[in-house]
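Novice: Encoded as structure tokens, here's the structure I'll be asking about.
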Amino acid sequence: MQANRPRGLSVGMQVSFNPAADVEAAMLQAATAIGLDCARFAPEVRTADPKHGDFQANGVLAFAKREKQNPRALAEKLVAALDAVTRERYDVTIAGPGFINFALKPAALLTWLRAFASRDALKSGAATAYAGKTWVVDYSSPNTAKQMHVGHLRSAVIGEAICRLVAFSGANVIRDNHLGDWGTQFGKLIYGYKRWADPAALEREPIEELERLYKAGNDATPDGSPALDEAREELVKLQSGNPESLALWKTFTEVSQRAFDSIYTRLGIKFDHYLGESFYNDKLDRVYNELTELKIADVSDGALVVFHDEIPRFARNAERPNPFMVRKADGASGYASTDLATALYRSEHFKADGIAIVTDFRQGDHFEQLFLTVKKWFGAKNYHLPELHHVSFGAVTGEDGKALKTRDGGTIKLKSLLDEAEERAYAVVSEKNAELPEAERRAIANIVGVGSVQYADLSQNRSSNYVFSWDKMLSLEGNTAPYLLYAVARIHSIFRKAGVKPGEAETAAASLETPAEISLARKLVKFADAIRLATDTLRPHFLSLYLYELASEYSSFNNADKVLVDDPAIRARRLLLCARTLLVLETGLDLLGLRTLQRM
RNA sequence: GCGAGCGUAGCACAAUGGAUAGUGUAGCGGCCUCCGAAGCCGUCGAUCCGGGUUCGACUCCCGGCGCUCGCACCA
0 MQANRPRGLS
10 VGMQVSFNPA
20 ADVEAAMLQA
30 ATAIGLDCAR
40 FAPEVRTADP
50 KHGDFQANGV
60 LAFAKREKQN
70 PRALAEKLVA
80 ALDAVTRERY
90 DVTIAGPGFI
100 NFALKPAALL
110 TWLRAFASRD
120 ALKSGAATAY
130 AGKTWVVDYS
140 SPNTAKQMHV
150 GHLRSAVIGE
160 AICRLVAFSG
170 ANVIRDNHLG
180 DWGTQFGKLI
190 YGYKRWADPA
200 ALEREPIEEL
210 ERLYKAGNDA
220 TPDGSPALDE
230 AREELVKLQS
240 GNPESLALWK
250 TFTEVSQRAF
260 DSIYTRLGIK
270 FDHYLGESFY
280 NDKLDRVYNE
290 LTELKIADVS
300 DGALVVFHDE
310 IPRFARNAER
320 PNPFMVRKAD
330 GASGYASTDL
340 ATALYRSEHF
350 KADGIAIVTD
360 FRQGDHFEQL
370 FLTVKKWFGA
380 KNYHLPELHH
390 VSFGAVTGED
400 GKALKTRDGG
410 TIKLKSLLDE
420 AEERAYAVVS
430 EKNAELPEAE
440 RRAIANIVGV
450 GSVQYADLSQ
460 NRSSNYVFSW
470 DKMLSLEGNT
480 APYLLYAVAR
490 IHSIFRKAGV
500 KPGEAETAAA
510 SLETPAEISL
520 ARKLVKFADA
530 IRLATDTLRP
540 HFLSLYLYEL
550 ASEYSSFNNA
560 DKVLVDDPAI
570 RARRLLLCAR
580 TLLVLETGLD
590 LLGLRTLQRM
């Protein structure tokens with residue numbers, strides 16, 4: 000997946016959304032001009048450390064080495080062959096053994112800022128990368144009849160950010176909540192429900208009551224007990240379509256859905272589909288039949304399984320065999336079979352070009368086996384094979400490094416976690432801005448509180464575990480949601496004071512002059528690169544980090560250069576910088592799933 | 001036992017094989033007659049250990065060590 004890679008020649012045309020694309024094209028053109036074999040020469044243009052420039056081309060070093068040429072001399076020849084537009088737009092220098100550095104000149108920076116003046120302009124710049132692609136994103140996926148807890152947080156937050164990023168890059172995104180709505184737990188739940196259901200409690204706190212009934216059912220059915228046989232009987236009745244059982248199950252699903260929706264609303268999530276495991280019930284036979292017919296699956300100890308002999312740990316002769324369990328020995332389906340049916344449905348029905356499944360890293364083996372199996376199966380049948388991504392993430396831990404629990408060792412419910420975030424944010428807002436009316440402080444606290452929880456997760460590499468800390472995520476300092484939201488609020492404040500809207504009163508802007516102005520503009524131009532990196536790697540933290548650095552750059556600018564000065568040209572160009580910073584921050588935060596504020 | 005992920009300043013994090021490894025916090029020192037000081041500026045401080053590949057390694061490979069997790073009918 001190398002979307003948004005520089006392609007084609009755009010030299011001499013309008014500046015690109017991602018100027019690195021222009022540099023790449025110009026380098027290739029220069030290489031051709033001096034007779035280099037472009038099949039063997041890759042310019043390797045990337046964003047540079049600001050002290051070296053905006054972009055750097057590193058490809059000369061590797062190429063010169065391979066061709067036994069002097070890299071420095073080759074770099075000089077290439078630079079001399081660069082076209083006039085590029086030379087006009089960039090200060091080009093050669094450094095060290097043969098790095099070629101490109102620094103945008105202030106006039107070129109201004110051109111970019113004028114060209115990308117709205118969210119639509121940014122989107123149309125970004126949207127070429129995944130244009131025409133359909134992506135299914137499978138995230139959140141809680142079990143029905145249970146409350147969402149802290150373990151469901153990362154999938155929901157990271158998954159939503161990925162949906163927005165991929166959509167911004169031009170894909171048609173299908174948000175699919177693969178609910179755990181079918182399985183052995185429903186036998187025990189129905190068993191408990193029929194004996195101990197409390198109608199008043201079901202009315203008042205339906206999910207909590209279902210959890211209590213499941214627990215009661217589970218406690219009453221220990222291994223080997225006659226009660227367990229009864230619970231299994233309930234499961235058989237449900238799976239064979241008994242109307243009474245199905246009606247109960249349907250109620251459980253609806254009650255669960257309402258509870259989930261209230262969480263999703265707070266997190267700004269709206270699914271297109273809730274195709275849970277139950278949806279695939281009638282699609283499993285085809286999986287069994289085709290895998291058997293193709294001899295991809297074997298019967299082992301009575302179960303239908305797939306071994307992948309090319310991967311030692313999934314091979315049939317492994318020390319401890321770890322087969323992919325398609326159908327259990329008792330004939331029941333497992334999650335492997337529903338996941339296989341799901342992959343097929345997404346390929347055939349949604350025509351998916353990409354599938355991203357957002358679950359924790361512990362399921363890594365499962366998805367590796369799933370993807371191996373899908374590739375063999377689809378390959379043999381000539382089915383359309385989407386890109387398959389397991390978007391995995393680490394655990395949420397307490398400050399002791401262990402899984403996050405309540406003080407008394409219980410599971411933290413997502414609802415109470417979000418409540419606490421809002422309460423804590425309310426306390427901070429009330430302290431900092433006591434003069435605001437209470438209703439406004441509440442509204443601010445909701446956005447800051449939930450945003451802080453989301454951002455804490457999104458600001459770090461999803462692969463590692465993350466340490467949950469209220470104090471850090473709600474802090475006003477450092478790479479946090481409050482810091483970013485504060486920067487946004489301050490910019491709005493300047494426009495209020497100026498009496499103009501963002502985007503207005505900037506036509507008189509002539510050229511950027513001060514170091515702080517230029518530094519901020521250079522950061523703004525790199526938005527495209529941050530989007531590309533975050534999207535292609537499915538790692539939102541690259542965008543978070545960029546936004547934080549942008550906000551930090553803005554704060555320095557805001558401190559160094561007064562915006563609302565009398566000189567109309569200076570005022571106009573600084574208002575322009577404020578407007579674009581605001582646009583990029585608000586667009587970027589929205590892509591992460593955060594709401595922003597005009598005042599906080 | 002086998003396997004996977006992770007290991008970067010006191011703490012929490014970043015680094016798309018590139019230049020002197022960035023940032024926050026904590027510590028120290030500055031900046032409010034000035035658009036929001038919830039801010040800005042300066043300073044101190046780190047790649048788990050040992051080999052290898054490369055012009056160049058936090059990054060890739062091999063061997064250790066540590067933490068977390070997974071290993072047949074739960075998802």
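Just so we're aligned, residue 0 is where the first sequence starts under numbering that gives the first Met the number 0, counting upward by one.
Note that beta-carbon positions come from the ideal geometry of N, C-alpha and C, so glycine has one too.
1) Rounded to whole angstroms, what is the Cα-Cα separation between Met599 and Asp90?
2) Would you tell me roughly how many angstroms separate the C-alpha atoms of Val395 and Ala507, rounded to the nearest one?
3) Helix, strand or coil, according to DSSP, for Asp308 in the structure here?
4) Quick check: the region 146-165 against the region 258-274, are at least 3 beta-carbon pairs closer than 8 Å?
5) Given Ala515, which residues of its chain have a CB within under 7 Å of its CB, disregarding the five upstream and five downstream residues?
6) Which parts of the region 483-553 are runs of the alpha helix (DSSP H), unbroken and 4 residues or longer, counting only runs that do not cross its ends?
7) Can you say whether Gly605 is buried or exposed, counting buried as having 16 or more other CB atoms within 10 angstroms of its CB?
8) Following the continuous beta strand (DSSP E) through Glu386, name the residue where it begins and the one where it ends.
9) Among the residues of its own chain, which have a CB less than 6 Å from the CB of Val156, if the five just before and after it don't count?
10) Who are the near neighbours of Glu386 in its chain, counting only those whose CB is closer than 6 Å to its CB and skipping five residues on each side?
11) Since Gln602 sits in a beta bridge, which residues does DSSP pair it with?
12) Considering only C-alpha positions, which residue in the set Arg174, Ala438, Glu430 and Lys236 is nearest to Gly182?
13) Whole angstroms is fine: what's the gap from Ser492's alpha carbon to Gly450's?
14) Express the C-alpha separation of Arg594 and Leu574 in angstroms, rounding to a whole number.
15) Helix, strand or coil: how does DSSP classify Ile93 here?
16) I believe Ala302 touches Met324 by the beta-carbon criterion, under 8 Å. Please report the beta-carbon distance rounded to the nearest angstrom.
17) Whole angstroms is fine: what's the gap from Leu584's alpha carbon to Lys525's?
18) Mapping the DSSP letters down to three states, classify Arg326 as helix, strand or coil.
19) Count the other CB atoms within 10 Å of the CB of Leu109; is the residue buried (16 or more) or exposed (fewer)?
20) Can you have a look at Val59 and say buried or exposed, based on whether 16 or more other CB atoms are within 10 angstroms of its CB?
21) Starting from the C-beta of Gln655, find all residues in its chain whose C-beta is less than 6 Å away, skip the five residues before and the five after it, and write them out in chain order.
22) Just reading off the alpha helix (DSSP H) that Asp364 is part of, what are its end residues?
23) On the DSSP bridge assignment, give the partners of Thr396 in chain order.
24) Whose CA, out of Phe54, Asp53, Ser139 and Arg174, lies closest to the CA of Phe349?
25) Roughly how many angstroms separate the alpha carbons of Arg158 and Gly267, rounded to a whole number?
26) Ordered along the chain, which non-local residues of its own chain (more than five positions away) have a Cβ less than 8 Å from that of Lys471?
27) Applying the criterion that 16 or more other CB atoms from any shown protein chain within 10 Å of the CB defines a buried residue, is Ser140 buried or exposed?
28) Would you mind sorting Thr85 into buried or exposed? The rule is 16 or more other CB atoms within 10 Å of its CB.
29) Using 8 Å for Cβ pairs, my map puts Thr405 next to Leu121. What's the rounded Cβ distance?
30) Would you report the Cα separation of Ala2 and Asp300, rounded to the nearest angstrom?
31) Apply the 10 Å Cβ neighbour rule to Cys162 and answer buried if 16 or more other Cβ atoms are within range, or exposed otherwise.
32) Looking at the unbroken beta strand (DSSP E) that takes in Asn171, where does it start and where does it end?
33) In chain order, what residues of the same chain lie with their CB nearer than 7 Å to the CB of Leu484, ignoring the 5 residues before and after it?
34) What does a CB cutoff of less than 7 Å around Arg6 pick up in its chain, not counting 5 residues either side in sequence?
35) What separation, rounded to the nearest whole angstrom, lies between the Cα atoms of Leu227 and Thr143?
36) How many whole angstroms separate the CB atoms of Leu274 and His177, which I take to be in contact at a CB cut-off of 8 Å?
Specialist: To lay it out plainly:
1) For this step, residue 599 is matched to residue 600 along the first sequence. For this step, residue 90 is matched to residue 91 along the first sequence. Rounded to the nearest whole angstrom, the CA to CA distance from Met599 to Asp90 is 41 Å.
2) Sequence index remark: in the first sequence, residue 395 carries index 396 (1-based). Sequence index remark: in the first sequence, residue 507 carries index 508 (1-based). Rounded to the nearest angstrom, the two C-alpha atoms are 50 Å apart.
3) The sequence position of residue 308 within the first sequence is 309, counting from 1. Coil, per DSSP.
4) The answer is yes - the region 146-165 touches the region 258-274, with three or more Cβ pairs under 8 Å.
5) Within the first sequence, the letter at position 516 stands for residue 515. The residues Ser555, Phe556, Ala559 and Asp560, in chain order, have a CB closer than 7 Å to that of Ala515 in the same chain once the five nearest residues on each side in sequence are set aside.
6) If we require 4 residues or more, the alpha helix (DSSP H) runs fully inside the region 483-553 come out as 514-523 and 526-535.
7) Look at the range of the chain in this structure, 0 to 599, and you will see that residue 605 is not part of it.
8) Along the first sequence, one-based indexing puts residue 386 at 387. Per DSSP, Glu386 belongs to the beta strand (DSSP E) from Glu386 to Phe392.
9) Translated into positions along the first sequence, residue 156 becomes position 157. If you ignore the 5 residues before and after Val156, its C-beta comes within less than 6 Å of the C-beta of Gln453 and Asp456, all in its own chain and listed in chain order.
10) Position 387 of the first sequence holds residue 386. Cβ neighbours of Glu386 beyond the five flanking positions: Gly353.
11) Lying outside 0 to 599, the shown extent of the chain, residue 602 is not represented and no answer is given.
12) Locating residue 182 in the first sequence gives position 183, counting from the first residue. Considering only Arg174, Ala438, Glu430 and Lys236, the residue with the shortest C-alpha distance to Gly182 is Lys236.
13) On the first sequence, position 493 is the one that residue 492 refers to. On the first sequence, position 451 is the one that residue 450 refers to. About 20 Å.
14) Position 575 of the first sequence, counted from the first residue, corresponds to residue 574. Position 595 of the first sequence, counted from the first residue, corresponds to residue 594. Approximately 23 Å between the Cα atoms of the pair.
15) Position 94 of the first sequence, counting from 1, holds the residue named residue 93. Ile93 carries a strand assignment under DSSP once its states are collapsed to helix, strand and coil.
16) What you label residue 302 is simply residue 303 of the first sequence in a count that begins at 1. What you label residue 324 is simply residue 325 of the first sequence in a count that begins at 1. Ala302 to Met324, Cβ: 6 Å. Contact.
17) Stepping through the first sequence from its first residue, residue 584 is reached at position 585. Stepping through the first sequence from its first residue, residue 525 is reached at position 526. Cα to Cα, Leu584 sits roughly 12 Å from Lys525.
18) Your numbering for residue 326 matches position 327 in the first sequence. Here Arg326 sits in strand by DSSP.
19) Within the first sequence, numbered from 1, the residue matching residue 109 stands at position 110. Counting Cβ neighbours within 10 Å, Leu109 comes out buried, since at least 16 surround it.
20) The residue given as residue 59 occupies position 60 in the first sequence. By the neighbour-count rule (16 or more Cβ atoms within 10 Å), Val59 is buried.
21) For residue 655 there is no data in the structure shown, the boundaries of the chain being 0 and 599.
22) Working through the first sequence from its first residue, we reach residue 364 at position 365. Note, Asp364: alpha helix (DSSP H), Gly363 to Lys380.
23) For the purposes of this step, residue 396 is identified with residue 397 of the first sequence, where counting begins at 1. Answer by DSSP bridge pairing, in chain order: Ala402 and Val466.
24) The residue labelled residue 349 in the question sits at position 350 within the first sequence. Of the residues Phe54, Asp53, Ser139 and Arg174, the one whose Cα lies closest to the Cα of Phe349 is Arg174.
25) Locating residue 158 in the first sequence gives position 159, where the first residue counts as 1. Locating residue 267 in the first sequence gives position 268, where the first residue counts as 1. The displayed chain sequence assigns Gly, not Arg, to residue 158. Going by the C-alpha atoms only, they are around 12 Å apart.
26) Position 472 of the first sequence, counted from the start, is the residue given in the question as residue 471. Hits under 8 Å: Ala455, Gly477 and Thr479.
27) In the first sequence, the residue the question calls residue 140 occupies position 141. By the neighbour-count rule (16 or more Cβ atoms within 10 Å), Ser140 is buried.
28) Taking the first residue of the first sequence as position 1, residue 85 is located at position 86. Buried is the call here.
29) Residue mapping note: residue 405 aligns to position 406 of the first sequence, counting from 1. Residue mapping note: residue 121 aligns to position 122 of the first sequence, counting from 1. Incorrect: roughly 42 Å between the Cβ atoms, too far for contact.
30) Mapped onto the first sequence, residue 2 falls at position 3. Mapped onto the first sequence, residue 300 falls at position 301. Unreliable placement is indicated for Ala2, whose pLDDT of 38 sits below 50; the coordinate value is still reported in the next sentence. Rounded to whole angstroms, Ala2 to Asp300 spans 45 Å at the Cα level.
31) As a working note, residue 162 is residue 163 in the first sequence. Around the beta carbon of Cys162, a 10 Å sphere encloses 16 or more other beta carbons of the protein chains shown; the residue is thus reported as buried.
32) Within the first sequence, the letter at position 172 stands for residue 171. Segment Asn171 to Asp175, the beta strand (DSSP E) holding Asn171.
33) As a working mapping, residue 484 is identified with position 485 in the first sequence. Taken in chain order, the residues that qualify are Val447, Gly450, Thr595, Leu596 and Met599.
34) Residue numbering aside, residue 6 sits at position 7 when the first sequence is read from its first letter. With a pLDDT of 40 at Arg6, under the threshold of 50, the modelled position of that residue is not reliable, and the figure given next carries that caveat. By the criterion of a C-beta distance shorter than 7 Å, Arg6 is surrounded by no residue of its chain, once the five residues flanking it on both sides are discounted.
35) Against the first sequence, residue 227 aligns to sequence position 228. Against the first sequence, residue 143 aligns to sequence position 144. Each residue's CA atom was taken as its position, placing Leu227 and Thr143 some 21 Å apart.
36) To locate residue 274, count along the first sequence from 1; it is residue 275. To locate residue 177, count along the first sequence from 1; it is residue 178. Right, the Cβ-Cβ distance comes to about 7 Å (below 8 Å), so this counts as a contact.
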